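Trainee: As they're listed, the protein sequences go chains A and B. Heads up, the first sequence stops at 432 in numbering that gives the first Met the number 0, and the numbers go up one at a time, no gaps. Heads up, the second sequence stops at 163 in numbering that gives the first Met the number 0, and the numbers go up one at a time, no gaps. We treat Cβ as the ideally placed atom computed from N, Cα and C, and that holds for glycine. This structure is a prediction, so every number in the text was calculated from the model and none was measured.
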Amino acid sequence: MWRRILFVVLIMTVLGAAGFVAWAWEPALALNPPPDRSSFDRELVQRGAELAAIGNCGVCHTTAGGKPFAGGRPLPTPFGTIHATNITPDPKAGIGQWSEAAFERAMREGVDRAGRHLYPAFPYDHFTRLTDEDVKALYAFMMTRDPVRVTAPANDLAFPLNIRLSVAAWKLLFFHKGRRQLEAGHDATWTRGAYLADAVAHCGACHTPRNALGAQKRGQDFAGGSSEGWHAPALNAQSPAPVPWTADSLFTYLRSGSAPLHGTAAGPMAPVVHNLGGVPEDDVRPIAVFIASVAGPPSPERQRMADELIQRLSNPETVGLAADGQPGAAIFAGACATCHSETRLRGAAGAINLALSTAVNAPDPLNAIRIVLDGIGPAQDRRGPLMPGFSGALTDGQIAQLTGYVRAQFSTQPAWRDLETTIRRIREGKDQS
Amino acid sequence: MITLTVNGRTHQSDADPSTPLLYVLRDDLALNGAKFGCGLGQCGACTVMVNGEAIYSCVVPIAVLEGRAITTVEGLGTADNPGALQRAFIDEQAAQCGYCIPGMMMRAHALLQKNPTPSDEQIRAALQPNLCRCGTHMRILRAVRRAAQTLTSATATNPKEGVR
């Protein structure tokens with residue numbers, strides 16, 4: 000009797016596994032002779048360039064000091080390190096021999112030309128919702144880049160994730176293939192913005208929390224997530240911004256990299272705003288309108304607090320909150336106060352009052368710590384606000400005192416805990432994902 | 000009272016704990032090598048070393064420096080007996096107006112302590128925070144390369160020598 004049950008269970012397991020493998024198996028698509036550059040319509044290539052900028056393709060697919068789109072950049076994840084691939088049209092190292100059908104399958108289904116499942120660090124869970132014409136434009140853009148013969152390093156993932164079939168299981172659980180469905184009841188600008196933010200810019204890839212298996216949590220869109228060791232603040236009603244974002248302030252921020260009542264983009268957001276500074280306004284405005292709608296209009300109470308804050312900081316006679324005697328006060332006075340005025344809206348060099356800072360008011364201290372450690376600065380050869388880093392000047396304990404003081408002084412949110420441990424972990428290179 | 004250890008010597012400072020190190024160095028200790036440029040940690044003229052790291056002394060209060068080793072350009076050598084890095088800057092005539100040079104030297108010194116044989120790319124990346132308005136960048140690069148060569152050959156012949 001037991002033997003028979005065991006036998007049936009065994010058969011069912013084998014059949015199930017075979018069924019899964021058959022379902023997960025994807026055919027290799029034929030190698031395609033690299034298409035001639037001149038075969039692509041110039042306007043389509045131009046549109047592809049704009050979409051690639053909005054979609055930040057180059058940020059992950061270009062390594063520091065490397066050629067554009069030649070891959071190799073390591074992306075730390077909780078599961079190990081994934082290296083972005085070469086997506087230049089080099090026939091050997093890149094995607095030069097990919098047909099448009101192979102490119103579209105990668106974008107829509109996360110399967111490469113050879114039929115291998117791609118890790119969802121490549122956000123095909125968003126790109127699957129692209130329109131046909133945008134996929135076409137992106138293909139035209141990529142296939143007209145300079146081919147580069149550089150092969151990206153292999154991924155460094157633990158078993159069983161190093162087996163590509165595990166990705167098929169992940170897709171079975173979390174991946175919903177298909178073009179974006181129109182949502183009724185919105186105007187054309189909102190609809191356009193929702194599409195660009197979701198299918199192209201994949202904002203939710205960082206700003207939506209992920210579950211233990213790395214999939215975006217359903218029903219928690221834009222509730223705040225993480226990216227490369229930074230906290231990606233909530234964009235919904237839980238946004239920690241002391242002054243609620245508006246479509247106008249978001250537009251200014253996304254376009255120029257900073258907004259007067261919010262400060263400057265830092266960390267993984269810095270290249271995003273740099274890219275959005277170079278695409279048509281008509282693409283950025285809808286994204287701002289859509290993101291502002293995610294939070295919706297602020298509650299009267301929240302708006303009143305923001306108005307009071309601006310009122311207080313606009314009046315230089317007013318004295319700031321009293322928190323003197325705290326251990327971080329002297330550090331703040333000597334290291335920060337020259338630029339970050341304690342009482343006024345802006346200090347020297349145009350730095351914001353930290354009471355306006357999202358990093359200082361966020362639930363997680365990661366961003367505040369990283370900014371104190373490494374500062375904020377434009378990438379080489381670019382211009383923008385510059386804040387020096389203090390990693391060499393301050394010990395873990397001193398940064399803990401400073402950030403603790405800043406939190407108490409400039410935020411009404413509860414104190415952060417375990418600051419020193421978090422700082423040590425960041426310095427040791429942990430907390431990267 | 001805060002005890003500061005500068006170039007191996009200890010000093011008691013009764014300045015307010017929030018006072019930037021630069022002011023104490025220049026006004027109280029008469030160490031005028033580090034310069035006041037912007038006062039906002041943007042230009043690098045005030046760069047000194049703390050425990051081997053280059054820092055902007057204009058935005059680092061003395062409150063955080065108790066018990067840590069501060070090195071200024073005066074700690075690299077004297078006018079009569081310049082250190083290897085200072086010698087290299089003189090030999091390459093790297094200074095024009097000279098205002099940025101102490102900061103450049105201190106940041107270069109911090110680099111060479113960590114990496115005695117930096118590539119040109121690494122020297123450029125390390126010195127990137129320090130500004131020079133005269134445009135002597137190529138000479139500064141040559142000076143750092145020369146210092147690296149001098150110091151590595153000195154270390155090869157006498158391992159006890161090396162970067163001070």
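Tell me whether the beta-carbon of Arg-254/A lies closer than 8 angstroms to the beta-carbon of Leu-275/A.
Mentor: yes
Trainee: Under 7 angstroms between beta-carbons, which chain C residues line up against Leu-393/A? List them in chain order, please.
Mentor: Of the protein chains in the structure, A and B, none is chain C.
Trainee: Please report how far the alpha carbon of Ile-122/B lies from the alpha carbon of Gly-376/A, in whole angstroms.
Mentor: 19 angstroms
Trainee: Give the residues from the segment 6-17 of chain B that approach chain A closer than 9 angstroms (Cβ to any Cβ), ordered along the chain.
Mentor: Asp-15, Pro-16 and Ser-17
Trainee: With a CB to CB cut of under 7 angstroms and the five nearest residues on each side skipped, what residues in its chain are close to Glu-160/B?
Mentor: Residue placement at Glu-160/B is flagged as unreliable, the pLDDT there being 48, under the threshold of 50; a coordinate-derived value is accordingly withheld.
Trainee: Which residues in the same chain as Ile-433/A place their Cβ atom closer than 6 angstroms to its Cβ, once the five residues preceding and following it in sequence are excluded?
Mentor: Shown here, chain A extends from 0 to 432; a query on residue 433/A therefore has no answer.
Trainee: Which value, in whole angstroms, describes the spacing of the CA atoms of Arg-36/A and Arg-369/A?
Mentor: Distance between the alpha carbons of Arg-36/A and Arg-369/A: 43 angstroms.
Trainee: Can you check whether the CB of Pro-60/B is closer than 8 angstroms to the CB of Ala-347/A?
Mentor: no
Trainee: Which of helix, strand or coil does DSSP assign to Glu-160/B?
Mentor: At Glu-160/B the pLDDT is 48, less than 50, meaning the model places this residue with poor confidence and gives no usable figure here.
Trainee: With three or more beta-carbon pairs closer than 8 angstroms as the criterion, would you say the segment 115-133 of chain A touches the segment 196-207 of chain A?
Mentor: Between the segment 115-133 of chain A and the segment 196-207 of chain A, the count of Cβ pairs shorter than 8 angstroms is three or higher; the stretches touch.
Trainee: Is Gly-114/A closer than 8 angstroms to Glu-25/A when the C-beta atoms are compared?
Mentor: yes
Trainee: Mind listing, in chain order, the continuous beta strand (DSSP E) runs of no fewer than 3 residues lying wholly within the segment 21-54 of chain A?
Mentor: none
Trainee: At a Cβ threshold of 8 angstroms, is Pro-19/B touching chain A?
Mentor: yes
Trainee: If you follow the alpha helix (DSSP H) that Glu-52/B is part of, which residue opens it and which one closes it?
Mentor: No alpha helix (DSSP H) holds Glu-52/B; the beta strand (DSSP E) holding it covers 52-55.
Trainee: Could you say which of Thr-207/A, Asp-40/A and Leu-355/A lies nearest to His-261/A if we only look at CA atoms?
Mentor: Leu-355/A
Trainee: If we count the other Cβ atoms within 10 Å of its Cβ and call it buried at 16 or more, is Met-0/B buried or exposed?
Mentor: exposed
Trainee: Can you give me the start and stop residues for the beta strand (DSSP E) that Leu-74/A sits inside?
Mentor: 73-76
Trainee: Could you tell me whether the segment 392-407 of chain A touches the segment 281-297 of chain A, using the rule of 3 or more Cβ pairs below 8 angstroms?
Mentor: no
Trainee: List, in order along the chain, the chain A residues whose C-beta lies closer than 9 angstroms to that of Ala-53/B?
Mentor: Gly-391
Trainee: So Ala-305/A is in the alpha helix (DSSP H); what residue range does that whole segment cover?
Mentor: 299-313
Trainee: Measuring straight from C-alpha to C-alpha, what distance separates Thr-9/B and Cys-131/B?
Mentor: 32 angstroms
Trainee: Considering only the alpha carbon of each residue, which of Ile-94/A, Ala-63/A and Gly-266/A lies closest to Ala-231/A?
Mentor: Gly-266/A
Trainee: Quick check: is the beta carbon of Pro-477/A nearer than 8 angstroms to any beta carbon in chain B?
Mentor: The requested residue 477/A is not part of the displayed model; chain A covers only 0 to 432.
Trainee: Give me, in chain order, the residues of the same chain whose beta-carbon lies closer than 8 angstroms to that of Thr-245/A; leave out the 5 immediate sequence neighbours on both sides.
Mentor: Ala-291
Trainee: With distances taken Cα to Cα, identify the nearest neighbour of Gln-127/B among Gly-51/B, Gly-102/B, Gly-7/B and Gln-95/B.
Mentor: Gly-102/B
Trainee: Rounded to a whole number of angstroms, what is the C-alpha to C-alpha distance between Glu-108/A and Ala-367/A?
Mentor: In this structure, the alpha-carbon of Glu-108/A lies about 37 angstroms from that of Ala-367/A.
Trainee: Closest to Leu-164/A by C-alpha separation, out of Lys-135/A, Ala-17/A and Arg-209/A, would be which residue?
Mentor: Comparing C-alpha distances from Leu-164/A to each of Lys-135/A, Ala-17/A and Arg-209/A shows the shortest one belongs to Ala-17/A.
Trainee: DSSP has Gln-11/B in a bridge; who is on the other side?
Mentor: Paired residue(s): Thr-2/B.
Trainee: Would Leu-195/A and Val-63/B be called neighbours here (beta carbons separated by less than 8 angstroms)?
Mentor: Not a contact, by the Cβ cut-off of 8 angstroms.
Trainee: Apart from the five residues just before and just after Gln-11/B, which ones in its own chain have a Cβ nearer than 7 angstroms to its Cβ?
Mentor: Met-0 and Thr-2
Trainee: Quick one, are the C-beta atoms of Leu-39/B and Cys-338/A less than 8 angstroms apart?
Mentor: The answer is yes: Cβ separation under 8 angstroms.
Trainee: Short of 8 angstroms in beta carbon distance, which residues of its chain neighbour Asp-220/A, apart from the five on each side in sequence? Order them along the chain.
Mentor: Gly-203, Thr-207, Asn-235 and Val-293
Trainee: Within 8 angstroms of any Cβ in chain A, is that where the Cβ of Gln-41/B sits?
Mentor: yes
Trainee: By DSSP, does Ala-214/A sit in helix, in strand, or in coil?
Mentor: In the structure shown, Ala-214/A falls within a coil segment according to DSSP collapsed to helix, strand and coil.
Trainee: Within the same chain, show all residues whose beta-carbon is closer than 8 angstroms to that of Ala-63/A, passing over the 5 residues directly before and after it, in chain order.
Mentor: Arg-72
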